[in-house]
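Novice: Take this structure first; my questions come after.
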Amino acid sequence: MKSQDVQKYMLPDAPGVYFFMLRKKILYIGKAASLRLRVRSYFNKDVADARGPWVASMVAKANRLSFKRTGSILEALLLEAELIKKHSPPYNSDGKDDKSYNCVVITDEPFPRVLVARRRELDSGLKANSYKLKAIYGPFPHDSQLRTAMKIIRKIFPFRDGKCVPCQFQRDSASNLRPSAGCRPCFNRQLGLCPGVCTGDISEKEYARTVRNLRLFLKGRRSRLLKLLLKEMNAAAKREEFEKAGELKRQLLSLRHIQDVALIQRDIASALVSRFSRIEAYDISHFGGKNVVGAMTVVEGGVAQKSEYRLFKIRGEKRAHEVKGLMELLRRRWGHPEWRSPDLVVVDGNDVQRKAAQNALYALNVSIPIVAVVKDEKHRPRELLGDSSVCSKYRDEILLANSEAHRFSLKFQRNQRRMSIF
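The sequence shown runs 2 to 423 under the working numbering.
What follows is the structure, given as structure tokens:
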């Protein structure tokens, strides 16, 4: 496709889901706060550098566009995941291990929990906790956006999470069921984000309706959900259950006017590709010269993209040699052409590490600006080495990427050390 081909589709400046297609076959599905702005960004001259050769190939192959408008970016995020699961477009996989992506999970029990879990955890952690699963939604490639979305949804439909313990009931002397003395409100109950499963303030039947509403919304069935809530609100008003009718009215208004400003800002930030829209940071960690590991972290538009973090066991050095370890890490990272290339590389250290990174990339015929973060004796950032204008303009993003790389590599190294002991 060419940029002039897009004009005939009359893309609105509104949230929704878009489809790149080859005749009737869907190649790629994406979501946007502004369909017009997002789709146009695919036809920038630097699309291969900004989004990677995988995406550039998809745009060149596509000959059709389609879109579905939604009421909010939150709905677009949920609909995108549902449609990707349904159609499995080839260019939505882009070579990544989607087991690292997050899903929304609803458990099968009297008071179902609503959890966010990585796909690989569905076969390990959740089963270890004896959770039976009722429904799985996703996977969602953007971890931070999913968690923001779930915070918005929870304000509309409060639900039980993994830390909420259901209240147990016992009969009093008059054979009436009453909450036991051990029933205590969880933290989210005090914030209004738990409906009262822990305090006995909601019945199984009432909570089942909440879960039904939540499932409809996660499936992108907003219109049907609005009709159901309106019907239930009118029925409650006729029965003079005015408190219940008021709560249903609040949910209706919230669904019609979803406040998803945080999601909109993140989506537009990723569409408006800046010069250094993708920053990758690398860090080497070891313990007493052993268990040498490396980490790669990604920051895009000022937001950490945790689903794109990667870990490496350094193979070439049995004892710690941070410079050689860093060079090996960079060589192995660039052994993955399916991963989108960064616009800026950040390393931990001084000019020695910075020059080592430059030599490693030069040997790979890669030309990317490199910044080194120099730390003081308390391991706090003291100085940034590199292009002064880049260091000044992107200081916050550079430090975020660097601190995440250090945290991530240290956590991995500790896990490796723990495993070696046992």
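Quick reminder that beta carbons are idealized off the backbone N, C-alpha and C, glycines included.
Under three-state DSSP, which class holds HIS407?
Specialist: helix
Novice: Check the DSSP bridge columns for GLU281 and list the partner residues they point to.
Specialist: VAL299 and VAL346
Novice: What residues match up with TYR1 in a beta bridge as DSSP calls it?
Specialist: The displayed coordinates of the chain run from 2 to 423. Any statement about residue 1 would go beyond what the structure contains.
Novice: Should the region 156-167 be regarded as contacting the region 81-95, the criterion being three or more beta carbon pairs within less than 8 Å?
Specialist: no
Novice: Would you kindly work out how many angstroms separate the C-alpha atoms of TYR29 and ALA246, rounded to a whole number?
Specialist: Rounded to the nearest whole angstrom, the C-alpha separation of TYR29 and ALA246 is 42 Å.
Novice: Return the first residue and the last residue of the beta strand (DSSP E) that TYR208 is part of.
Specialist: TYR208 -> not in any beta strand (DSSP E); alpha helix (DSSP H) instead, spanning 205-219.
Novice: Measuring CA to CA, which of SER389, ARG213, ARG223 and LYS250 is closest to MET234?
Specialist: LYS250
Novice: How many Å lie between LYS32 and ASP377 at the Cα?
Specialist: 43 Å
Novice: Which residues does DSSP list as the beta-bridge partners of PHE20?
Specialist: When beta bridges are read from the DSSP output, PHE20 appears opposite ILE30 and SER67.
Novice: What residues in its chain sit with their C-beta under 6 Å from that of GLU405, if we drop five residues either side in the sequence?
Specialist: Cβ within range, chain order: THR298 and ALA305.
Novice: Who pairs with TYR138 in a beta bridge, going by DSSP?
Specialist: VAL105
Novice: In whole angstroms, what is the alpha-carbon distance linking SER42 and TYR283?
Specialist: 28 Å
Novice: If you run the structure through DSSP and keep just helix, strand and coil, what is SER42?
Specialist: helix
Novice: Sorted by chain position, which residues of the same chain lie with C-beta nearer than 8 Å to LEU134's C-beta, five sequence neighbours on each side aside?
Specialist: Cβ neighbours of LEU134 beyond the five flanking positions: VAL106, ILE107, THR108, ASP109, LEU123 and LEU127.
Novice: Would ILE280 pass as a contact of GLY295 if the rule is Cβ separation under 8 Å?
Specialist: Not closer than 8 Å, so no.
Novice: Can you confirm whether the region 163-171 touches the region 191-206 when touching is taken to mean that 3 or more C-beta pairs between the two stretches lie within less than 8 Å?
Specialist: Contact holds between the region 191-206 and the region 163-171, because three or more Cβ pairs, one in each stretch, are under 8 Å apart.
Novice: What residue from ALA373, GLU339 and PHE288 has the CA that sits closest to TYR395's CA?
Specialist: ALA373
Novice: Do you know offhand how far PHE288's Cα is from GLN414's?
Specialist: Counting only the Cα atoms, GLN414 lies some 8 Å from PHE288.
Novice: Applying the criterion that 16 or more other CB atoms from any shown protein chain within 10 Å of the CB defines a buried residue, is GLU398 buried or exposed?
Specialist: buried
Novice: Rounded to whole angstroms, what's the CA-CA distance from LYS87 to TYR138? Just pull it up for me.
Specialist: 11 Å
Novice: Whose CA, out of ASN360, ARG225, ALA237 and PRO13, lies closest to the CA of GLU329?
Specialist: ASN360
Novice: Hey, would you say ARG120 sits closer than 8 Å to PRO91, going by beta carbons?
Specialist: no
Novice: Comparing alpha-carbon positions, which option in ARG355, ARG381, ALA402 and TYR208 lies nearest PHE112?
Specialist: TYR208
Novice: Using a threshold of 7 Å, is the CB atom of THR149 nearer than that to any non-hydrogen atom of the ligand MG?
Specialist: Among the ligands in the structure shown, none appear at all, so the ligand MG cannot be discussed.
Novice: For VAL166, which three-state DSSP category applies?
Specialist: Here VAL166 sits in coil by DSSP.
Novice: In angstroms, rounded to a whole number, what distance separates the CA positions of LYS356 and ARG341?
Specialist: 23 Å
Novice: Would LEU217 and LEU226 qualify as a contact pair, given that the criterion is a beta-carbon distance under 8 Å?
Specialist: Yes. Within cutoff.
Novice: Whose C-alpha, out of ASN45, LEU147 and GLU309, is nearest the C-alpha of HIS337?
Specialist: For HIS337, the nearest C-alpha among the options comes from GLU309.
Novice: Taking the alpha carbon of ARG257 as the point to measure from, which residue in GLU244, ALA237 and SER224 has its own alpha carbon closest?
Specialist: Measuring from the Cα of ARG257, the nearest candidate turns out to be SER224.
Novice: Using CA coordinates, which residue listed in GLY350, GLN169 and VAL115 is at the minimum distance from VAL375?
Specialist: GLY350
Novice: Span of the beta strand (DSSP E) holding VAL375?
Specialist: Run containing VAL375: 371-376, per the beta strand (DSSP E) assignment.
Novice: Mind reading off the beta-carbon distance from ARG65 to ARG37? Whole number of angstroms is fine, and I expect it under 8 Å.
Specialist: Rounded, the Cβ-Cβ distance is 17 Å, inconsistent with contact.
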